[in-house]
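Trainee: Submitted below is the structure of interest, expressed as structure tokens.
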Amino acid sequence: MDRETCLGCQTGDKWRKKRGSLIMALHEIQGVKGYVGWQDAMDLAKTMNVPLARVYEVLTFYNFFKLVTPGKAVISVCTGTACFLKGNDKVLEKFKSELGIKEGESTPDGLFHLQVVRCVGCCGLAPVCVVNGKTYGRMTPEQVPVILNEWREAFKKEA
Amino acid sequence: MVDMEEIRKKFDIHNIAKNKLAEIEKYKCSIYCCHSTGCKSSGSDDLISLIQKVLEENNLTDDVRVVATGCMGLCAHGPLIRVEIKGKKDILFKRVDLEATRAIMEKYVIPGLKNDGDMVTDETLKPYVLSLDLPFFTKQEKVVLKNAGHIDPEDISEYIAHGGYLALEKALKTMTPGQVVEEIKKSGLRGRGGGGFSTGMKWELAAKVPTVDEKFIICNGDEGDPGAYMDRSILEGDPHAVIEGMMIAAYAIGATAGWFYVRAEYPLAVERLQKALQDCRRHLLLGKNIMGTDFSFNIDIRLGAGAFVCGEETALIHSIEGARGTPRPRPPYPTNKGLWGKPSCVNNVETLANVSKILLKGADWFASFGTATSKGTKVFALTGQVEHSGLIEVPMGTTINEIVNEIGGGVPEGKTLKAVQSGGPSGGLIPVQLMDMPVCYEELKKIGSIMGSGGLIVIDDSSDMVSLAKFYLDFTVDESCGKCAPCRIGGRQMLLLLDKINRGRGKKKDLELLKQIAKAMQKASLCGLGQTAPNPVLSTLRFYEEEYTNKLLDGKE
């Protein structure tokens with residue numbers, strides 16, 4: 002593979018000499034691509050000189066890393082305690098029924114990925130959900146279609 | 003040749019402080035806009051740009067400064083803006099939007115610069131004013147959060163102007179490492195991450211281990227406990243305080259390098275910390291021969307990746323090494339054999355943030371807050387069914403009643419208080435009948451809860467305790483690393499039993515079984531996660547057993 006375009010190799014080169022950097026390298030790859038693919042993992046393992054099994058065990062141990070490409074908009078519904086007490090389970094249900102998918106899945110059109118997260122640390126705004134880094138506080142199930150439409154419109158404009 | 007004397011002078015903290023204070027003094031008015039994750043997500047970025055625009059339009063940029071600060075505390079009412087006009091009372095505005103911001107500028111700030119009126123007179127602005135005389139503000143005692151909400155966390159000179167790095171200078175130039183350890187020991191500071199181990203003792207143990215080639219100080223910022231965001235707010239609001247604490251700790255124990263381990267879910271905290279570390283390097287506060295002494299030190303950041311168990315120190319160390327975050331049996335303790343087998347001392351964010359204050363104001367001052375065994379103040383994230391949900395700091399020993407009903411303003415919407423959960427998924431409940439209990443390590447332990455990192459979740463009478471216990475257990479089962487059987491299997495079995503009870507299929511003997519498994523998990527689990535996972539179940543069983551029995555098939559007999 003061409004080294005210029007090999008994300009795994011470049012990231013590996015950057016972090017190889019630093020100690021304790023496997024997780025940081027994986028963060029960097031996911032930051033660029035949105036997930037860590039099989040080829041990236043192999044390239045990284047080779048360049049950093051760690052067994053592929055080691056890369057794989059780290060990838061699958063930590064919740065943060067994704068192995069397949071998520072949708073264009075990643076919807077994270079907070080299931081921390083404050084959000085739970087304030088009824089975020091109903092918001093999650095609404096997302097599921099609106100999108101027709103379960104948590105951890107993406108819509109067939111590749112637009113949305115739904116996931117649950119543990120506490121994003123905005124408990125004062127509970128219940129909270131985050132879409133591609135944008136936080137929506139004081140959520141109600143009624144807001145769900147509004148937010149989905151907002152993102153659909155945004156994607157239409159891009160295209 | 004570069005004149006070292008000249009460079010020293012340029013980066014002398016006293017000079018920096020003097021210049022910055024003189025600069026601040028020039029302004030007639032300061033507008034502080036909360037710029038932490040909570041308020042930022044409610045749009046405080048746009049508010050700041052609008053304020054700047056209005057100032058430019060009115061040629062006021064020389065008279066008024068805008069400061070993007072860390073958390074002001076009252077997150078439920080964000081975005082918050084505080085206006086300080088010289089010679090006038092501070093005014094805090096809540097839940098401001100663009101329209102309100104423009105009104106604040108045009109109807110309060112601009113006229114306020116000219117006249118002597120003290121109050122907000124405009125009718126349209128009055129609903130946005132939040133009284134600073136609320137118990138939420140007056141009942142707090144801010145030590146760790148003193149700077150948060152008052153300084154720009156991204157500006158090192160502002161931290162220095164507010165007394166920053168003076169404690170480091172004092173330690174490096176006038177104290178021996180032994181004296182620093184002694185001072186922290188005397189202050190009675192205990193680990194704020196939940197364990198409550200004496201910080202001074204930990205440092206003493208770490209200092210005793212000889213530094214062969216390397217020794218590390220690690221800051222634990224893996225705040226995974228849902229419903230808690232103290233460490234995030236401290237890192238976002240005053241990152242230099244934690245860095246300074248870590249440097250003092252490094253000097254005291256003889257560490258050669260420092261590591262920050264922060265959750266990847268806190269991008270803003272990571273960004274501010276990175277900026278702060280970079281500024282320290284530029285100001286020669288990190289690197290070789292810091293402040294012209296023999297002390298050399300550097301700090302690096304490593305990110306977590308969404309694993310609750312990594313808050314446990316041995317798991318955290320594995321994670322920094324780039325491996326799976328699984329704990330290992332202790333001893334050997336990290337102070338003897340930690341990161342890469344080298345002696346390492348792990349301290350929590352809030353613990354380190356206390357250090358510089360103790361050195362500057364003295365151990366006795368610090369020990370004047372709190373109870374006989376729990377000294378100082380504690381930051382809590384007060385959330386759940388409470389009016390003023392937000393970040394608070396109170397002296398140890400403050401009662402739950404004071405925290406929830408006075409500072410927190412009680413439970414909203416005509417509901418009544420049922421219990422308060424402390425310590426998150428590792429903690430337990432404080433039922434309403436024990437509301438007068440003072441918050442300290444020992445008292446909480448007595449009733450089967452823990453101090454934890456500082457999440458306080460207020461629960462009203464509409465919540466079902468069995469579901470709550472199941473919610474917490476669901477979390478710990480999901481987050482169990484799977485290394486040891488008691489936690490991996492015990493947790494799963496307890497969860498199945500709870501589910502059975504919740505579906506109305508449970509029997510009396512299931513409650514007994516729950517307790518038995520819980521005991522086994524507490525005794526046999528490898529790390530704190532498994533040992534404390536049964537706490538929410540045991541605690542709800544202890545105080546609300548009737549809610550369980552009501553759901554049993556044979557409960558009413």
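As they're listed, the protein sequences go chains A and B.
Heads up, the first sequence is in the working numbering, so the first residue is 2 and it goes up one at a time.
Heads up, the second sequence is in the working numbering, so the first residue is 3 and it goes up one at a time.
We put the beta carbon where it would ideally sit given N, CA and C, even for glycine.
Ends of the alpha helix (DSSP H) at His320 (chain B)?
Mentor: Segment Glu315 to Ile322, the alpha helix (DSSP H) holding His320 (chain B).
Trainee: Pick out the complete beta strand (DSSP E) segments inside the region 357–432 of chain B, 3 residues or longer, and give them in chain order.
Mentor: List check, beta strand (DSSP E) in window: 379–386, 392–397 and 419–424.
Trainee: Assuming contact is defined by CB atoms lying nearer than 9 Å, are Gly72 (chain A) and Ser107 (chain A) in contact in what I supplied?
Mentor: Yes, these two residues count as a Cβ contact at 9 Å.
Trainee: Does the pairing of the region 164–179 of chain B with the region 361–376 of chain B give three or more beta-carbon distances under 8 Å?
Mentor: Contact between the region 164–179 of chain B and the region 361–376 of chain B is present, because at least three Cβ pairs lie under 8 Å.
Trainee: Any beta-carbon of chain A closer than 9 Å to the one on Leu318 (chain B)?
Mentor: Closer than 9 Å: no.
Trainee: At a CB distance below 7 Å, what residues from the region 50–79 of chain A approach chain B? Give them in sequence order.
Mentor: Under the 7 Å Cβ criterion, the region 50–79 of chain A contributes Glu58, Val59, Phe62, Tyr63, Asn64, Phe65 and Phe66.
Trainee: By the criterion of Cβ-Cβ separation under 8 Å, what are the contact partners of Gly13 (chain A) in chain B?
Mentor: What Gly13 (chain A) touches in chain B: nothing, since even the nearest Cβ is about 12 Å away.
Trainee: Can you confirm whether Met25 (chain A), when its beta carbon is compared against all beta carbons of chain C, has any partner nearer than 9 Å?
Mentor: Chain labels in this structure do not include chain C; the protein chains are A and B.
Trainee: Do you know offhand how far Ile303 (chain B)'s Cα is from Gly223 (chain B)'s?
Mentor: One C-alpha to the other measures close to 10 Å.
Trainee: So for Pro440 (chain B), helix, strand or coil by DSSP?
Mentor: In this structure, Pro440 (chain B) counts as strand in the three-state DSSP scheme.
Trainee: Do you know how far the Cα of Tyr474 (chain B) is from the Cα of Ile106 (chain B)?
Mentor: Their Cα atoms are separated by approximately 43 Å.
Trainee: Could you work out which residues of chain B lie near Val121 (chain A), taking near to mean beta carbons separated by less than 7 Å?
Mentor: Residues of chain B passing the Cβ test: Glu267.
Trainee: Are the beta-carbon atoms belonging to Lys87 (chain A) and Tyr36 (chain A) less than 9 Å from one another?
Mentor: No, Cβ-Cβ distance for Lys87 (chain A) and Tyr36 (chain A) is not below 9 Å.
Trainee: Assuming contact is defined by CB atoms lying nearer than 9 Å, are Ala271 (chain B) and Gly308 (chain B) in contact in what I supplied?
Mentor: No, these two residues do not count as a Cβ contact at 9 Å.
Trainee: If you check the beta carbons only, do Leu8 (chain A) and Met49 (chain A) fall under 9 Å apart?
Mentor: Cβ atoms of Leu8 (chain A) and Met49 (chain A): not closer than 9 Å.
Trainee: What is the residue span of the alpha helix (DSSP H) that Thr82 (chain A) lies within?
Mentor: Taken as a continuous stretch (DSSP letters only), the alpha helix (DSSP H) holding Thr82 (chain A) covers Thr82 to Leu86.
Trainee: If the cut-off is 7 Å on Cβ atoms, which residues from the region 39–59 of chain B count as contacting chain A, listed in chain order?
Mentor: Answer in chain order: Thr39, Gly40, Ser43 and Ser44.
Trainee: Is it the case that the CB of Leu76 (chain B) approaches a heavy atom of the ligand GTP more closely than 8 Å?
Mentor: Absence of the ligand GTP is noted for the structure shown, with no ligands found whatsoever.
Trainee: Flag this pair as yes or no: are the beta carbons of Gly410 (chain B) and Ile394 (chain B) separated by less than 9 Å?
Mentor: For Gly410 (chain B) and Ile394 (chain B), yes; Cβs fall inside 9 Å.
Trainee: To which residues does DSSP link Asn349 (chain B) through a beta bridge?
Mentor: B:Cys221, per the DSSP bridge assignment.
Trainee: Name the two residues that bound the continuous alpha helix (DSSP H) containing Lys339 (chain B).
Mentor: No alpha helix (DSSP H) contains Lys339 (chain B), which DSSP labels as neither H nor E.
Trainee: Suppose only complete runs of 4+ residues qualify. What are the alpha helix (DSSP H) ranges in the region 209–278 of chain B, listed by chain order?
Mentor: As far as the region 209–278 of chain B is concerned, its whole alpha helix (DSSP H) runs of at least 4 residues are 232–239 and 241–255.
Trainee: Give the straight-line distance between the Cα atoms of Val92 (chain A) and Val78 (chain A), rounded to the nearest whole angstrom.
Mentor: Answer to the nearest angstrom: the Cα atoms are 8 Å apart.
Trainee: Please go through the same chain and pick out, in chain order, the residues whose beta-carbon is closer than 6 Å to the beta-carbon of Tyr231 (chain B), but skip the five residues on each side of it.
Mentor: Ala383.
Trainee: Once the 5 residues before and after Cys123 (chain A) are set aside, which same chain residues still bring their CB inside 7 Å of it?
Mentor: Here the set comprises Val129, Thr136 and Gly138.
Trainee: Quick one: grab the DSSP three-state call for Gly198 (chain B).
Mentor: Coil, per DSSP.
Trainee: How should Gly111 (chain A) be labelled, buried or exposed, when 16 other C-beta atoms within 10 angstroms of its C-beta is the threshold for buried?
Mentor: Result: exposed.
Trainee: Which same chain residues end up closer than 6 Å to Ser200 (chain B) when comparing Cβ atoms and leaving out the 5 residues on each side of it in sequence?
Mentor: Counting only Cβ-Cβ distances below 6 Å, and skipping sequence neighbours, we find Arg192.
Trainee: Cutting at 6 Å between CB atoms, please list the residues of its own chain near Lys88 (chain B), excluding the five before and the five after it.
Mentor: Here the set comprises Lys30.
Trainee: Over the uninterrupted alpha helix (DSSP H) stretch that includes Leu8 (chain A), give me the two end residues.
Mentor: Segment Leu8 to Trp16, the alpha helix (DSSP H) holding Leu8 (chain A).
Trainee: Report, in whole angstroms, the separation of the C-beta atoms of Gly450 (chain B) and Ser541 (chain B), which I expect to be a contact under 8 Å.
Mentor: Between Ser541 (chain B) and Gly450 (chain B) the Cβ distance is about 5 Å, and since that is below 8 Å, they are a contact.
Trainee: Can you look up Gln495 (chain B) in the DSSP assignment and give me helix, strand or coil?
Mentor: Note: Gln495 (chain B) maps to helix in three-state DSSP.
Trainee: Counting only beta-carbon atoms, is Ala155 (chain A) nearer than 9 Å to chain B?
Mentor: Cβ-Cβ to chain B under 9 Å: no for Ala155 (chain A).
Trainee: What does Thr385 (chain B) touch in chain A if you count any residue whose Cβ is under 8 Å from its own?
Mentor: Within chain A, the residues near Thr385 (chain B) are Thr82, Ala83, Cys124, Gly125 and Ala127.
Trainee: What are the start and end residues of each continuous beta strand (DSSP E) run of 3 or more residues lying completely inside the region 102–154 of chain A, in chain order?
Mentor: For the region 102–154 of chain A, whole beta strand (DSSP E) runs of length 3 or above, ordered along the chain, are 113–118, 130–132 and 135–137.
Trainee: When the Cα of Leu94 (chain B) is compared with those of B:Ser32, B:Thr176 and B:Ala471, which residue comes out closest?
Mentor: Among B:Ser32, B:Thr176 and B:Ala471, the Cα nearest to that of Leu94 (chain B) belongs to B:Ser32.
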